[in-house]
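Residues in the sequence shown are numbered consecutively from 1, following our numbering.
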Amino acid sequence: MPSPLLPPSRLRRVENFGHSISAPAYVFRPTHAEQIAELLTFAQERGLRVGLRGAGRSYGDAHLAAGNIVLDLSRMNRILDWNPDSGEITVEPGVTIERLWQYVLEDGWWPAVVPGTMKPTIGGVLAANVHGKNNWREGVIGDHVTRLKALLPNGAEIALTPEDDLFPALVSSMGTLGVFTQITLRMRRVHSGDLLVRAWAVPNLKQMLADLDAAKDEWEYVVAWLDGTARGKSLGRGQIHTARYLTPDEDPHPARTLRVEYQTLPDNFFGLFPKSIFWKFMRPFMHKPGLWLIDGAKYLGAATVGNNKTFRQSHAAFNFLLDYIPHWELAYGRGGLVQYQCFIPLENAEAAFTEILETTHRFGMPTYLGVVKRHRPDRYLLSHAVNGYSLAMDFKVTRRNRERIQKMVLALDRIVLEAKGRFYLAKDATLTAEHWGASLGEETLRRYFALKKQLDPNEVLQTDQYRRLFAPLKARYASGHA
Ligand SMILES: Cc1cc2nc3c(=O)[nH]c(=O)nc-3n(C[C@H](O)[C@H](O)[C@H](O)COP(=O)(O)OP(=O)(O)OC[C@H]3O[C@@H](n4cnc5c(N)ncnc54)[C@H](O)[C@@H]3O)c2cc1C
């Protein structure tokens, strides 16, 4: 419903990354912190709500605010300071991961933690507190921030270091407690633009989890592709990739490999097919028989010619594999996709993942893409990580299966809660407040709502995800002090 308080020229339809949800909103794209402060005051005075948005790469409704204001921070994208000796960089929140690594690489640095795509903004990744394929070793992105500035809806501008009590709450709070306006991160020293990668096939889930666990101390990065179509004795089969940084004497040409052009992913496949249209070729295979064919062939290749291979790969190619096919998400068709990612403690992981995968088969919806990673717990208020593993699964959404997906994920949520697992808001589009609350526990919820009351008493910062997951819990948990 259009708001009479806001200019119609700002009204747009805003979509999630998975193209499965969209909502109209008044989009403002500030270039300076003062404009953010003005907009927060404006919203406060008129009883409007504001949802923050970076690059919109969250899978669900974390950056939507139906009928209200979306504050798109992607134009606040200046690099404010860079020290190539210490590896410390200060940026505005709209700087992307792509811009960041391209800026620091030739001086021999790489961001210590990156997600599986380089498109997100630093503000967005800090709000979600993202992890990479090296979560066990390097923790989350918040662990590499040395200072930040944020604007609070109550009008205050604050500067925080990791020692401040508010730091682990603001980081991970998905833009619901304050707006990051300046972030200082410490990069990781690298001596080459290449990583040493090893790949091998694993015949079932048990072996996959055992191998990921064993590899985590020897390798910097550990990640597994899981074949969602496999069942019975092969349930959970897949391929593991591990990687480590090169030592100073291992790369004879660091000046070459540390160049952006060396890392940049090619525009064409085999020098012929433009990558920008490749998703169109994927589309005819995006159904169950196509999935069986592709996953079967991929596993066969991994278990034969690709098995036990060691090779060198650039940082960008290893970390941002999904960016190889621009707009791959469009291949899922009109209904888009949802991703379901859960995090299960070590001791419960095998049983819970087995039940989860069997449930996807029972519902007739094997995942189109399954990824398993090894994690460690952290200190952040709305942390998703545990000492254990995560399983991420993509599902194609159609008009006919929407309800079935919702039923299935409710069943999956119960398995996760039973196994003392956690959920991840950056990926979520389907959780219920009840399940979200149960995963966080009473103490965390009381602390969160006490902070919300202190920092955002009029609840100006409210994304659609906040309204779905937090707002229904407020009455029960919002009595305490921060
Ligand atoms: C292909 C793909 C692969 C991915 N791989 C991984 C992965 O490996 N690991 C992982 O952890 N995540 C991964 N993600 C998730 C992604 O990293 C997160 O969703 C990230 O938050 C997206 O950042 P964004 O800039 O797009 O922010 P948006 O999606 O626009 O927003 C994310 C959240 O940040 C808030 N926000 C945005 N800017 C600010 C700000 N300046 N201050 C305060 N809050 C703000 C928003 O309100 C929202 O709640 C992946 C996503 C995709 C699409």
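We put the beta carbon where it would ideally sit given N, CA and C, even for glycine.
None of these values were measured; they are calculated from a predicted model.
Sequence-distant residues of the same chain with beta carbon closer than 7 Å to residue i, five excluded per side
i, result
"aspartate 394", "Leu337, Gln339, Thr367, Tyr368 and Leu369"
"leucine 445", "Gly437, Leu473 and Tyr477"
"serine 234", "Pro203 and Asn204"
"alanine 471", "none"
"leucine 417", "His435, Ala438 and Ser439"
"leucine 141", "Note on identity: in this sequence residue 141 is isoleucine, with leucine being the wrong assignment. Once the five neighbours on either side are set aside, the close Cβ partners of isoleucine 141 are Val113, Val125, Leu126, Asn129 and Val130."
Three-state secondary structure assigned by DSSP to residue i
i, result
"aspartate 325", "Residue identity check: residue 325 is isoleucine in the sequence provided, not aspartate. In this structure, isoleucine 325 counts as coil in the three-state DSSP scheme."
"proline 289", "helix"
"lysine 407", "helix"
"phenylalanine 353", "helix"
"isoleucine 21", "coil"
"arginine 237", "coil"
"proline 274", "strand"
"valine 397", "coil"
"valine 416", "helix"
"tryptophan 279", "helix"
"lysine 133", "coil"
"proline 254", "helix"
"aspartate 378", "coil"
"asparagine 83", "strand"
"serine 9", "helix"
"tryptophan 101", "helix"
"serine 314", "strand"
"arginine 422", "strand"
"arginine 244", "strand"
6 Å Cβ shell around residue i - same chain, five flanking residues per side excluded
i, result
"isoleucine 415", "Ala352, Glu355 and Ile356"
"tryptophan 136", "Lys216, Arg374 and Arg376"
"alanine 112", "Glu138, His144 and Arg188"
"asparagine 458", "Gln44"
"arginine 244", "Leu196, Trp219 and Glu220"
"threonine 518", "A question about residue 518 goes unanswered here, because the residues of the chain that appear run from 1 up to 482."
"aspartate 295", "Asp227 and Thr229"
"glycine 175", "Leu52 and Ala127"
"leucine 410", "none"
"methionine 282", "Ala331"
"arginine 379", "Pro168"
"glutamate 15", "Ser22"
"alanine 201", "Gln239, Ala302, Ala303 and Asn307"
"asparagine 134", "Glu220 and Tyr221"
Nearest residue (CA-CA) to residue i, options the options
i, options, result
"histidine 19", "Lys427, Ser479 and Arg186", "Lys427"
"alanine 55", "Gly123, Ile21, Gln102 and Lys149", "Gly123"
"lysine 275", "Gln239, Leu322 and Leu293", "Leu322"
"methionine 365", "Arg10, Trp292, Pro120 and Ala25", "Trp292"
"alanine 199", "Gly301, Glu443 and Leu246", "Gly301"
"arginine 13", "Asp61, Leu39 and Ala471", "Asp61"
"isoleucine 240", "Gln207, Trp110, Ala331 and His63", "Gln207"
"histidine 131", "Arg147, Val114, Arg99 and Thr146", "Val114"
"serine 390", "Tyr424, Met408 and Tyr380", "Tyr424"
"proline 84", "Leu185, Asn134 and Glu34", "Leu185"
"aspartate 456", "Pro7, Val50 and Thr310", "Val50"
"asparagine 77", "Gln341, Arg10, Leu100 and Leu6", "Leu100"
"alanine 65", "Arg75, Tyr59, Arg53 and Leu73", "Arg53"
"leucine 451", "Ser86, Gln313, Leu166 and Arg46", "Leu166"
"arginine 147", "Ile36, Thr117 and Asp81", "Asp81"
"threonine 41", "Gln465, Arg468, Leu461 and Arg467", "Leu461"
"tyrosine 466", "Leu177, Ser3, Asp251 and Ser74", "Leu177"
"histidine 315", "Thr257, His253 and Leu11", "Thr257"
"alanine 429", "Ser9, Lys288, Trp110 and Phe17", "Phe17"
"lysine 309", "Met286, Pro248 and Thr242", "Thr242"
"serine 74", "Ile36, Tyr59 and Leu48", "Ile36"
"isoleucine 277", "Asp249, Pro326 and Arg259", "Pro326"
8 Å CB neighbourhood of residue i in its chain, flanking five on each side removed
i, result
"lysine 119", "Ala55, Arg57, Thr96, Ile97, Glu98 and Asp323"
"threonine 350", "Note on identity: in this sequence residue 350 is glutamate, with threonine being the wrong assignment. Contacts found: Leu205, Lys206 and Leu209."
"alanine 419", "Ile344, Pro345, Asn348, Ala349, Ala351 and Ala352"
"asparagine 387", "Pro345, Leu346, His375, Arg376 and Pro377"
"glutamine 313", "Asp194, Leu195, Val197 and Ala243"
8 Å Cβ cutoff, residue i in contact with chain C
i, result
"arginine 53", "In the structure shown, chain C does not exist; there is a single protein chain."
Residue i Cβ short of 7 Å to ligand 3 heavy atom set
i, result
"alanine 426", "You won't find ligand 3 in this model; what it holds is ligand 1."
Are the stretch 398-406 and the stretch 225-244 touching, with three or more C-beta to C-beta distances below 8 Å?
no
Would you check if the stretch 114-131 and the stretch 158-177 touch, i.e. whether three or more CB-CB distances between them fall below 8 Å?
yes
Would you say the stretch 82-91 touches the stretch 24-44, given that touching needs at least three Cβ pairs under 8 Å?
no
For the stretch 431-445 and the stretch 159-167, state whether three or more C-beta atom pairs, one from each stretch, are separated by less than 8 Å.
no
Using a Cβ distance threshold of 8 Å, determine whether the stretch 57-74 contacts the stretch 149-156, with at least three qualifying pairs required.
no
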